[in-house]
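*Asks:* Residue numbers (full-length UniProt numbering): 1 to 143. No residue lacks a Cβ here, since even glycine has one placed at the ideal position from N, Cα and C. Right, I'll just put the structure down here and ask away after.
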Amino acid sequence: MADNTTKPIVVGVDGSPSSLSALEWAAQHAELTKQPLEALATWQWPTNYGYAVAFEANFDPAQESMQMLDEIVAKVQADHPSIEVRPHVIEGDTRNVLVKRSKEAALLVLGSRGHGELTGMLLGSVSGYCVTHADCPVLVTRH
1 MADNTTKPIV
11 VGVDGSPSSL
21 SALEWAAQHA
31 ELTKQPLEAL
41 ATWQWPTNYG
51 YAVAFEANFD
61 PAQESMQMLD
71 EIVAKVQADH
81 PSIEVRPHVI
91 EGDTRNVLVK
101 RSKEAALLVL
111 GSRGHGELTG
121 MLLGSVSGYC
131 VTHADCPVLV
141 TRH
């Protein structure tokens, strides 16, 4: 098992201002601690019960997530050239993916708000879930 100096700092990134703030905090922390940084985005096929959802024939949520993450990581890497930043996209429920990834992380960093307060109330808080279920320390930033 790797010690905490070689384990990555994992940051949940969804493109929201809160997640970008969390990523910036984590990048600064990674510079100080010389740890690798993993920017993690998740995706799921949208589900709506009761009616059909139409998608373009070439709709690829995994590719869209990776494109978003690559753009964000390129900026972080340019602003913090001394650290290693790894983009990672995983299919699945964000809460479960982050908790699973926390088993191999030194620190899990999350923004306090993702896609909005209503979504958080309806689906449950990702950060709240991770704080109570993660296998590593969790830091929640306020934007």
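#1: For LEU37, list the residues DSSP reports as bridge partners.
#2: Thinking C-alpha only, which one of LEU40, THR33, HIS143 and ALA74 is nearest ARG95?
#3: By Cβ distance, which residues of its chain are closer than 6 Å to ARG142, with the 5 residues on each side in sequence left out?
#4: When DSSP labels each residue in this structure, what does TRP25 get in the three-state scheme?
#5: Compare the Cα-Cα distances from GLN77 to each of ALA27, SER19 and SER18 and report the closest residue.
#6: Would you kindly check if the distance between the Cβ of LEU139 and the Cβ of VAL99 is under 7 Å?
#7: Return the residue from the list PRO87, LYS103 and GLU38 that minimises the CA-CA distance to ASP70.
#8: Less than 7 Å between the C-beta atoms of ALA105 and PRO8, yes or no?
#9: Pick helix, strand or coil for GLU104, following the three-state DSSP scheme.
#10: Output yes or no for whether 7 Å exceeds the beta carbon distance between LEU37 and VAL85.
#11: Since I believe VAL89 is in contact with ALA62 (beta carbons under 8 Å), could you give me their beta-carbon distance rounded to a whole number of angstroms?
#12: With DSSP collapsed to three states, give me the class of GLY128.
#13: Using the C-alpha atoms, what's the distance from SER82 back to GLY128?
#14: By DSSP's criteria, TRP43 is part of a beta bridge. Which residues make up the other side?
#15: Identify the residues that DSSP records as bridge partners of ALA139: which are they?
*Replies:* For this structure:
#1: In the sequence shown, the residue the question calls residue 37 occupies position 37. DSSP lists ILE9 and VAL85 as partners of LEU37.
#2: The count along the sequence shown starts at 1 and reaches residue 95 at position 95. Answer by Cα proximity: LEU40.
#3: As a working note, residue 142 is residue 142 in the sequence shown. Hits under 6 Å: SER112.
#4: For this step, residue 25 is matched to residue 25 along the sequence shown. Helix at TRP25.
#5: Locating residue 77 in the sequence shown gives position 77, where the first residue counts as 1. The option with the nearest alpha carbon to GLN77 is ALA27.
#6: The residue labelled residue 99 in the question sits at position 99 within the sequence shown. The residue labelled residue 139 in the question sits at position 139 within the sequence shown. Result no, Cβ atoms of VAL99 and LEU139 do not sit closer than 7 Å.
#7: In the sequence shown, residue 70 corresponds to position 70, counting from 1. With distances taken between Cα atoms, ASP70 lies closest to PRO87.
#8: Within the sequence shown, numbered from 1, the residue matching residue 105 stands at position 105. Within the sequence shown, numbered from 1, the residue matching residue 8 stands at position 8. Yes.
#9: Indexing the sequence shown from 1 puts residue 104 at position 104. DSSP places GLU104 in coil when its eight states are reduced to three.
#10: Locating residue 37 in the sequence shown gives position 37, counting from the first residue. Locating residue 85 in the sequence shown gives position 85, counting from the first residue. Closer than 7 Å, so yes.
#11: Indexing the sequence shown from 1 puts residue 62 at position 62. Indexing the sequence shown from 1 puts residue 89 at position 89. ALA62 to VAL89, Cβ: 6 Å. Contact.
#12: As a first step, residue 128 must be located in the sequence shown, where it is residue number 128. Correct three-state label for GLY128: helix.
#13: Translated into positions along the sequence shown, residue 128 becomes position 128. Translated into positions along the sequence shown, residue 82 becomes position 82. Whole-angstrom Cα-Cα distance: 31 Å.
#14: Residue 43 sits at position 43 when you count from the first residue of the sequence shown. Answer is GLU91.
#15: To locate residue 139, count along the sequence shown from 1; it is residue 139. Sequence check: residue 139 is Leu here, not Ala. Note: LEU139 sits in a beta bridge opposite VAL109.
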